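K.L.:
What follows is a structure written as structure tokens; I'll ask about it next.
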Amino acid sequence: MPQIVLKFNDKILKVVELDKPLVTIGRKRKNDLVIDNLGVSSYHAQVVQEEGTFFIEDRGSTNGTFLNDRKIAKLQLKNGDQIAIGKHVVVFQDFTAIAEPSAPPSFAEPKPGASEQIPTAFDEAEIELGQAAAAPGIDSSARVSGKEASLLVVSGQTDKNQYSLVDQISIIGSQEGATVKLTKWLSPKVAALINHRDGVYTISVSDAKNKILINGIPVQGRADLNDGDLVDVAGVKMYFYLTRPSS
-5 MPQIVLKFND KILKVVELDK PLVTIGRKRK NDLVIDNLGV SSYHAQVVQE EGTFFIEDRG
55 STNGTFLNDR KIAKLQLKNG DQIAIGKHVV VFQDFTAIAE PSAPPSFAEP KPGASEQIPT
115 AFDEAEIELG QAAAAPGIDS SARVSGKEAS LLVVSGQTDK NQYSLVDQIS IIGSQEGATV
175 KLTKWLSPKV AALINHRDGV YTISVSDAKN KILINGIPVQ GRADLNDGDL VDVAGVKMYF
235 YLTRPSS
């Protein structure tokens, strides 16, 4: 379902699903998306759905509404558009458009017999985890250079709402020591692995029975993660996002 994501200094503050024709944005508590900042008008802007198309519309705000750095009165929204309201940014995300057949996912469909290879992606990452832990002089929890990766839980049962992916390999599962601890009864001990190598984050399925969706698209074996991806693992939905390390 399309949604808007409120950010401040690259940090996700709130996610609002666009499940009704009109979603209001402003400083007053009666709004669907509340931005508590004096630079934001009481009823600043709104996202309007008209015949399946979404628009951002300014509601006569004092400081204006900006879409991709352009001041607007009303304009159609596309996936990834950034709406500047005061010092905050509201990102419009429509993963249904990404999942259209005319725009296939970046990872290839499995070839005949590929189902036999699914555990291999997990096994390789598992081996790397063991090697990183066992090899002398290698710190598997070392923070990588560049942007820092995090997961923000939006639904499902976990022990925290947000996780920093600072390890070379991060485990999603119910086992002790998992980076993302699944707390729902009978959750798999290891549902998935996120491997970081050379600035790229890759998620791997642990077993053919444990399905992973990225932006609603099933993962076959493994897939790269991109900023803003919605990841669905074992009934838990999380946003993967990147932020600049704090100085």
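Going by our numbering, the final residue of the sequence shown carries number 241, and the count climbs one at a time with no gaps.
Glycine is no exception: its CB is placed at the ideal position from the N, C-alpha and C atoms.
Predicted model, so just to flag it, every value in this text is computed and none were measured.
Give me the Cα-Cα distance between K14 and Q43, rounded to the nearest whole angstrom.
P.N.:
8 Å
K.L.:
Can you tell me whether I121 is buried or exposed, with buried defined as 16 or more other CB within 10 angstroms of its CB?
P.N.:
With a pLDDT of only 44 at I121, under the threshold of 50, the placement of this residue in the model should not be trusted; the figure read from the coordinates follows. Classification for I121: exposed.
K.L.:
For the beta strand (DSSP E) that D153 lies in, which residues bound it at each end?
P.N.:
Element bounds for D153: n/a, residue is neither H nor E.
K.L.:
Anyone know if the C-beta pair for V10 and L27 falls short of 8 Å?
P.N.:
yes
K.L.:
Do you know offhand how far S149's Cα is from Y233's?
P.N.:
Going from the Cα of S149 to the Cα of Y233 covers about 10 Å.
K.L.:
Going by other Cβ atoms of all chains shown within 10 Å of its Cβ, with 16 needed for buried, is V199 buried or exposed?
P.N.:
Counting of Cβ neighbours within 10 angstroms places V199 among the buried residues, the total reaching 16 or more.
K.L.:
Report, in whole angstroms, the separation of the C-beta atoms of I165 and V184, which I expect to be a contact under 8 Å.
P.N.:
Taking C-beta atoms under 8 Å as the contact rule, I165 and V184 qualify, at a distance of about 6 Å.
K.L.:
Bridge partners of M232, per DSSP?
P.N.:
V147 and V225
K.L.:
With a Cβ-Cβ cutoff of 8 Å, do D4 and T237 count as a contact?
P.N.:
yes
K.L.:
On the CB-based measure, 16 or more other CB atoms within 10 Å of its CB, does V227 come out buried or exposed?
P.N.:
buried
K.L.:
Considering only residues of the same chain and omitting the five flanking positions on each side of A172, which have a CB-CB separation below 7 Å?
P.N.:
Contacts found: I165 and I166.
K.L.:
Need the endpoints of the beta strand (DSSP E) that I165 sits in, please.
P.N.:
Under the DSSP assignment, I165 falls in the beta strand (DSSP E) whose first and last residues are I163 to G167.
K.L.:
State the start and end residues of the unbroken beta strand (DSSP E) segment that holds H190.
P.N.:
A186 to R191
K.L.:
Thinking C-alpha only, which one of Q40, F89 and K81 is nearest D30?
P.N.:
K81
K.L.:
When we look at the beta-carbon of V17 and count the other beta-carbons within 10 Å, is it buried (16 or more) or exposed?
P.N.:
Burial check for V17: the Cβ neighbour count within 10 Å reaches 16 or more, so the residue is buried.
K.L.:
Just the C-alpha distance for H38 and R191, rounded to the nearest angstrom, thanks.
P.N.:
42 Å
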